[in-house]
Amino acid sequence: MTSNAELSFRVMGASARWAAALAALAAIGAGVAAGLGVPGHDQWVGCSSVLAVGTLTAFGFLGRRLEAGQDGLRYRTVLRWHRLEWDEIDRFEDVRVQPGDRRLSTHNLRVVAKLRSGEAVWLPVPYAGSVDAFSFEDQLRALRAAHHRYRPGTP
């Protein structure tokens, strides 16, 4: 499956990608300022380092996406692309996940592809906090419809 994806989901929208790009430019600018020896260059080195680490983390997170087409699913995690064919997938389940910070009372929603082999594959998207649960449901509904349409043996 190449670029003929019928569905394409990303973790966040274009505004988040622009913010990460601007943070990358700020990290480069702070690094250049530190290299030129401007007054307080030690602070610029620290600022550049923090921005660089944050930017790399953001780009890794923002690169996660899922594409669905006639051939199956193709999803990107932080490091590489993975594939699942429709006949490997038994069903999709939505799972409530506790947030990493126990002080937060909201749950996050994730999608798990249950395979015919009994394995469970956690998909990077759709993913939702409590705020965007409606878009999560729409994306999950579209994913299930594509699975139903392309699964072998479906009339």
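Every number in the working numbering is 503 more than the matching position in the sequence shown, counting from 1. Think of the CB as a built atom: it goes at the ideal place given N, C-alpha and C, for glycine as much as any other residue. As the structure is a computational prediction, the values presented were derived from the model and not from experiment.
| query | result |
| --- | --- |
| Whole runs of the beta strand (DSSP E) within the region 518 to 606, excluding any shorter than 3 residues | 568 to 572, 575 to 579, 584 to 587 and 592 to 600 |
| Three CB pairs or more closer than 8 angstroms across the region 530 to 537 and the region 552 to 561 | yes |
| CA-to-CA distance, residue 512 to residue 586, given in whole angstroms | 15 angstroms |
| Buried versus exposed call for residue 521 [16 or more other C-beta atoms within 10 Å across all chains shown] | exposed |
| Distance, residue 545 Cα to residue 617 Cα | 51 angstroms |
| Same chain only: Cβ atoms within 6 angstroms of residue 645, ignoring 5 sequence neighbours per side | 510 |
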